[in-house]
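Asker: Starting off with a structure, shown below.
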Amino acid sequence: MRIAVIADIHGNDLALYAVLKDIAAQGISEVVNLGDHLSGPLNAARTADMLMAQDFPSIRGNHDRWLTTRAPVEMNTWDSFSHAELEPRHLDWLRALPPTLLYRDEILLCHGTPSSDTTYWLEDLTPQGVLHMSARQRIEDLAGDQDVAVILCGHTHIPRAVRLADGRLIVNPGSVGCPGYDDDEPVFHKVETGSPDASYAVIEKTGGERTGTAWTVSFRRVRYDNLAMSRLAGERGHGEWQRALSTGWLD
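Residue numbers for the sequence shown follow UniProt numbering, so the first one is 1 and each next one is one higher.
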(Lines of atoms letter the chains of each structure in order from A; the text may use other names.)
(Lines give C-alpha, C1' and ligand atoms only; values in the text may rest on other atoms or scores of the structure.)
Protein backbone atom coordinates (compact mmCIF):
# COMPACT_ATOMS: atom_id res chain seq x y z
CA MET A 1 0.00 0.00 0.00
CA ARG A 2 1.39 3.40 -1.02
CA ILE A 3 -0.12 6.75 -0.06
CA ALA A 4 1.01 10.17 -1.26
CA VAL A 5 1.07 12.90 1.38
CA ILE A 6 0.74 16.56 0.42
CA ALA A 7 0.62 19.68 2.58
CA ASP A 8 0.99 23.46 2.60
CA ILE A 9 0.01 24.16 -1.00
CA HIS A 10 -0.69 27.83 -0.21
CA GLY A 11 -2.52 28.61 -3.44
CA ASN A 12 0.29 27.46 -5.74
CA ASP A 13 -1.77 25.79 -8.45
CA LEU A 14 1.19 25.16 -10.78
CA ALA A 15 3.08 23.31 -8.05
CA LEU A 16 -0.02 21.31 -7.14
CA TYR A 17 -0.61 20.33 -10.76
CA ALA A 18 3.00 19.13 -11.11
CA VAL A 19 2.82 17.13 -7.88
CA LEU A 20 -0.44 15.46 -8.83
CA LYS A 21 1.03 14.56 -12.21
CA ASP A 22 4.08 13.05 -10.50
CA ILE A 23 1.89 11.10 -8.08
CA ALA A 24 -0.07 9.65 -11.01
CA ALA A 25 3.19 8.74 -12.76
CA GLN A 26 4.21 6.76 -9.65
CA GLY A 27 1.00 4.74 -9.96
CA ILE A 28 -0.30 6.01 -6.62
CA SER A 29 -4.05 6.37 -6.31
CA GLU A 30 -4.38 7.40 -2.65
CA VAL A 31 -3.56 10.95 -1.59
CA VAL A 32 -4.06 12.68 1.76
CA ASN A 33 -3.83 16.43 2.30
CA LEU A 34 -2.64 18.10 5.51
CA GLY A 35 -3.95 21.64 5.15
CA ASP A 36 -2.98 25.25 4.50
CA HIS A 37 -4.38 24.86 1.01
CA LEU A 38 -5.01 28.38 -0.22
CA SER A 39 -3.42 31.19 1.77
CA GLY A 40 -0.94 33.37 -0.13
CA PRO A 41 -0.60 35.87 -3.01
CA LEU A 42 -0.93 33.29 -5.78
CA ASN A 43 -3.98 31.50 -7.23
CA ALA A 44 -6.24 30.58 -4.31
CA ALA A 45 -9.44 30.06 -6.27
CA ARG A 46 -7.84 27.87 -8.94
CA THR A 47 -6.18 25.78 -6.25
CA ALA A 48 -9.45 25.41 -4.37
CA ASP A 49 -11.23 24.25 -7.52
CA MET A 50 -8.53 21.63 -8.16
CA LEU A 51 -8.70 20.27 -4.62
CA MET A 52 -12.47 20.26 -4.45
CA ALA A 53 -12.59 18.27 -7.71
CA GLN A 54 -10.10 15.70 -6.35
CA ASP A 55 -11.92 15.29 -3.01
CA PHE A 56 -8.88 13.90 -1.19
CA PRO A 57 -9.13 13.08 2.51
CA SER A 58 -8.13 16.49 3.87
CA ILE A 59 -7.84 18.49 7.06
CA ARG A 60 -7.65 22.21 7.71
CA GLY A 61 -4.49 24.05 8.68
CA ASN A 62 -4.11 27.21 10.73
CA HIS A 63 -4.43 29.47 7.68
CA ASP A 64 -7.56 27.61 6.56
CA ARG A 65 -9.02 28.20 10.01
CA TRP A 66 -8.12 31.90 9.94
CA LEU A 67 -9.64 32.30 6.47
CA THR A 68 -12.98 31.10 7.77
CA THR A 69 -13.05 32.63 11.28
CA ARG A 70 -11.45 36.07 10.99
CA ALA A 71 -12.85 39.19 9.42
CA PRO A 72 -10.82 40.33 6.39
CA VAL A 73 -9.57 43.42 8.27
CA GLU A 74 -8.10 41.11 10.95
CA MET A 75 -6.26 38.86 8.48
CA ASN A 76 -2.58 38.96 7.68
CA THR A 77 -1.53 39.73 4.11
CA TRP A 78 -1.36 36.05 3.07
CA ASP A 79 -4.92 35.39 4.14
CA SER A 80 -6.48 38.68 3.09
CA PHE A 81 -5.18 38.34 -0.46
CA SER A 82 -6.48 34.80 -0.91
CA HIS A 83 -9.76 35.59 0.86
CA ALA A 84 -10.51 38.28 -1.73
CA GLU A 85 -10.19 35.66 -4.51
CA LEU A 86 -12.35 33.00 -2.93
CA GLU A 87 -16.04 32.42 -3.48
CA PRO A 88 -18.50 31.38 -0.75
CA ARG A 89 -18.39 27.77 -1.98
CA HIS A 90 -14.61 27.69 -1.46
CA LEU A 91 -14.94 28.98 2.10
CA ASP A 92 -17.74 26.50 2.80
CA TRP A 93 -15.42 23.71 1.70
CA LEU A 94 -12.72 24.93 4.09
CA ARG A 95 -15.18 25.22 6.98
CA ALA A 96 -16.25 21.61 6.54
CA LEU A 97 -12.72 20.23 6.90
CA PRO A 98 -11.84 18.64 10.26
CA PRO A 99 -8.76 19.68 12.28
CA THR A 100 -7.52 16.07 12.39
CA LEU A 101 -8.52 12.85 10.65
CA LEU A 102 -7.95 9.16 11.28
CA TYR A 103 -7.28 7.46 7.95
CA ARG A 104 -7.42 3.69 7.40
CA ASP A 105 -7.57 3.18 11.18
CA GLU A 106 -3.80 3.57 11.60
CA ILE A 107 -2.75 6.94 10.13
CA LEU A 108 -3.47 10.21 11.93
CA LEU A 109 -3.56 13.41 9.88
CA CYS A 110 -2.82 16.67 11.69
CA HIS A 111 -1.42 20.03 10.65
CA GLY A 112 0.94 21.11 13.43
CA THR A 113 0.61 18.50 16.17
CA PRO A 114 -2.31 16.25 17.12
CA SER A 115 -3.58 18.98 19.47
CA SER A 116 -2.51 22.23 17.78
CA ASP A 117 -2.46 23.61 14.23
CA THR A 118 0.09 26.33 15.08
CA THR A 119 2.76 24.43 17.03
CA TYR A 120 6.01 23.45 15.35
CA TRP A 121 6.64 19.77 16.07
CA LEU A 122 9.68 18.26 14.38
CA GLU A 123 11.38 21.66 14.45
CA ASP A 124 11.71 24.16 17.28
CA LEU A 125 13.01 27.70 17.82
CA THR A 126 15.63 29.17 20.10
CA PRO A 127 14.77 32.42 21.91
CA GLN A 128 16.92 34.11 19.24
CA GLY A 129 14.73 32.76 16.44
CA VAL A 130 17.07 30.04 15.19
CA LEU A 131 15.18 27.07 13.75
CA HIS A 132 16.52 23.62 14.62
CA MET A 133 15.37 20.04 14.90
CA SER A 134 13.27 19.43 17.99
CA ALA A 135 14.69 17.54 20.93
CA ARG A 136 13.76 13.86 21.03
CA GLN A 137 11.79 14.14 24.27
CA ARG A 138 9.76 17.09 23.00
CA ILE A 139 8.80 15.15 19.86
CA GLU A 140 7.84 12.13 21.95
CA ASP A 141 5.80 14.24 24.39
CA LEU A 142 3.83 15.99 21.65
CA ALA A 143 2.99 12.61 20.07
CA GLY A 144 1.11 11.66 23.21
CA ASP A 145 -0.61 8.29 23.35
CA GLN A 146 -2.09 8.33 19.85
CA ASP A 147 -2.75 4.66 19.06
CA VAL A 148 -1.68 4.75 15.41
CA ALA A 149 1.25 3.53 13.35
CA VAL A 150 1.84 6.80 11.46
CA ILE A 151 1.26 10.45 12.28
CA LEU A 152 1.38 12.92 9.38
CA CYS A 153 1.97 16.62 10.02
CA GLY A 154 2.79 19.75 8.06
CA HIS A 155 3.01 23.43 9.04
CA THR A 156 6.79 24.00 9.04
CA HIS A 157 7.20 23.24 5.30
CA ILE A 158 10.34 21.20 6.03
CA PRO A 159 10.43 17.54 4.90
CA ARG A 160 11.37 15.31 7.80
CA ALA A 161 10.65 11.87 9.24
CA VAL A 162 11.15 10.73 12.83
CA ARG A 163 10.75 7.23 14.22
CA LEU A 164 9.56 7.26 17.84
CA ALA A 165 10.92 4.90 20.47
CA ASP A 166 7.77 2.78 20.26
CA GLY A 167 8.06 2.43 16.47
CA ARG A 168 5.49 5.03 15.43
CA LEU A 169 6.50 7.05 12.38
CA ILE A 170 6.01 10.82 12.16
CA VAL A 171 6.27 12.38 8.70
CA ASN A 172 6.22 15.97 7.49
CA PRO A 173 6.09 15.89 3.66
CA GLY A 174 7.31 19.46 3.23
CA SER A 175 5.43 22.09 1.28
CA VAL A 176 3.94 21.70 -2.17
CA GLY A 177 3.81 25.41 -2.86
CA CYS A 178 5.76 27.58 -0.39
CA PRO A 179 9.47 26.74 0.08
CA GLY A 180 10.27 29.59 2.45
CA TYR A 181 8.68 32.16 4.74
CA ASP A 182 9.29 34.34 7.78
CA ASP A 183 7.11 34.78 10.83
CA ASP A 184 6.99 37.03 13.89
CA GLU A 185 5.53 34.42 16.25
CA PRO A 186 6.66 33.43 18.82
CA VAL A 187 9.83 35.32 17.84
CA PHE A 188 10.97 36.51 14.42
CA HIS A 189 12.41 33.63 12.42
CA LYS A 190 12.92 32.40 8.88
CA VAL A 191 12.11 29.01 7.40
CA GLU A 192 14.04 28.22 4.22
CA THR A 193 14.24 24.86 2.47
CA GLY A 194 16.92 25.93 -0.01
CA SER A 195 15.06 24.49 -3.01
CA PRO A 196 12.24 25.98 -5.08
CA ASP A 197 10.90 22.55 -6.04
CA ALA A 198 7.52 21.28 -4.87
CA SER A 199 7.80 18.71 -2.09
CA TYR A 200 5.66 15.76 -1.06
CA ALA A 201 6.10 12.34 0.54
CA VAL A 202 5.08 8.76 -0.12
CA ILE A 203 4.42 6.42 2.77
CA GLU A 204 4.36 2.68 2.15
CA LYS A 205 3.21 -0.28 4.20
CA THR A 206 5.40 -3.31 3.66
CA GLY A 207 5.81 -6.80 5.07
CA GLY A 208 3.30 -9.51 5.94
CA GLU A 209 2.31 -12.11 8.47
CA ARG A 210 5.73 -13.80 8.57
CA THR A 211 7.92 -10.69 8.70
CA GLY A 212 5.52 -8.24 10.31
CA THR A 213 4.38 -4.99 8.79
CA ALA A 214 6.16 -1.66 8.81
CA TRP A 215 5.61 1.81 7.37
CA THR A 216 8.40 3.49 5.46
CA VAL A 217 8.65 6.91 3.82
CA SER A 218 10.32 8.48 0.80
CA PHE A 219 10.41 12.14 -0.16
CA ARG A 220 10.02 13.54 -3.63
CA ARG A 221 11.00 16.90 -5.10
CA VAL A 222 9.17 17.95 -8.24
CA ARG A 223 10.29 20.62 -10.71
CA TYR A 224 7.66 22.97 -12.10
CA ASP A 225 7.51 26.50 -13.50
CA ASN A 226 8.37 28.09 -10.17
CA LEU A 227 9.65 31.25 -11.85
CA ALA A 228 6.17 31.97 -13.22
CA MET A 229 4.81 31.84 -9.68
CA SER A 230 7.73 33.90 -8.43
CA ARG A 231 6.95 36.62 -10.97
CA LEU A 232 3.29 36.54 -9.98
CA ALA A 233 4.17 37.04 -6.32
CA GLY A 234 6.45 39.94 -7.25
CA GLU A 235 3.77 41.59 -9.38
CA ARG A 236 1.46 41.39 -6.38
CA GLY A 237 3.94 43.09 -4.08
CA HIS A 238 5.18 40.10 -2.09
CA GLY A 239 8.94 40.21 -2.36
CA GLU A 240 9.57 37.50 0.23
CA TRP A 241 7.35 35.10 -1.72
CA GLN A 242 9.05 36.13 -4.95
CA ARG A 243 12.48 35.26 -3.56
CA ALA A 244 11.39 32.02 -1.88
CA LEU A 245 9.59 30.73 -4.96
CA SER A 246 12.58 31.58 -7.12
CA THR A 247 15.34 29.97 -5.05
CA GLY A 248 14.03 28.40 -1.83
CA TRP A 249 15.81 31.17 0.12
CA LEU A 250 14.48 34.47 1.44
CA ASP A 251 17.66 36.50 0.82
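All residues carry an ideal CB built from backbone N, CA and C; glycine is no exception.
Which value, in whole angstroms, describes the spacing of the CA atoms of ASN43 and ASN33?
Answerer: Looking at the two C-alpha atoms, the distance is approximately 18 Å.
Asker: Check this for me: beta carbons of ILE59 and LEU102, under 8 Å apart or not?
Answerer: Contact flag unset, no.
Asker: Counting Cβ pairs, one atom from each stretch, are 3 or more of them under 8 Å apart for the region 107 to 114 and the region 146 to 161?
Answerer: Because the criterion of three Cβ pairs below 8 Å is met, the region 107 to 114 and the region 146 to 161 touch.
Asker: Please tell me whether ASP117 and ARG65 are closer than 8 Å, where the distance is taken between their beta carbons.
Answerer: A contact, by the Cβ cut-off of 8 Å.
Asker: Work out the CA separation of SER115 and ALA53 for me, nearest whole Å.
Answerer: Computed Cα separation, rounded: 29 Å.
Asker: What residue does the beta strand (DSSP E) around HIS189 start on, and which one ends it?
Answerer: 189 to 192 is the span of the beta strand (DSSP E), which, as asked, contains HIS189.
Asker: Taking a contact to mean a Cβ-Cβ separation below 8 Å, would you say THR68 touches ARG89 in this structure?
Answerer: No, these two residues do not count as a Cβ contact at 8 Å.
Asker: From what residue to what residue does the alpha helix (DSSP H) around ARG243 run?
Answerer: Per DSSP, ARG243 belongs to the alpha helix (DSSP H) from 239 to 247.
Asker: Nearest CA to the CA of residue 252: which residue from ASP147, HIS10, ILE158?
Answerer: With the chain covering only 1 through 251, there is no way to say anything about residue 252.
Asker: For THR247, which residues in the same chain have their Cβ closer than 7 Å to its Cβ, ignoring the five residues on either side in sequence?
Answerer: PRO196, listed in sequence order.
Asker: Count the other CB atoms within 10 Å of the CB of ASN62; is the residue buried (16 or more) or exposed (fewer)?
Answerer: So ASN62 counts as buried.
Asker: If you draw a straight line from the alpha carbon of ARG231 to that of PHE56, how long is it in whole angstroms?
Answerer: Cα to Cα, the separation comes out at about 29 Å.
Asker: Decide if PHE188 is buried, meaning its Cβ has at least 16 other Cβ atoms within 10 Å, or exposed.
Answerer: With fewer than 16 Cβ atoms within 10 Å of its Cβ, PHE188 is classed as exposed.
Asker: Put MET52 into one of helix, strand or coil per three-state DSSP.
Answerer: Three-state result, MET52: helix.
Asker: Could you have a look at HIS90 and say whether DSSP puts it in helix, strand or coil?
Answerer: If DSSP states are grouped into helix, strand and coil, HIS90 belongs with the helices.
Asker: Between which two residues does the beta strand (DSSP E) containing ALA4 stretch?
Answerer: Taken as a continuous stretch (DSSP letters only), the beta strand (DSSP E) holding ALA4 covers 2 to 6.
Asker: According to DSSP, simplified to helix, strand and coil, what is ASP183?
Answerer: Three-state DSSP puts ASP183 in a strand.
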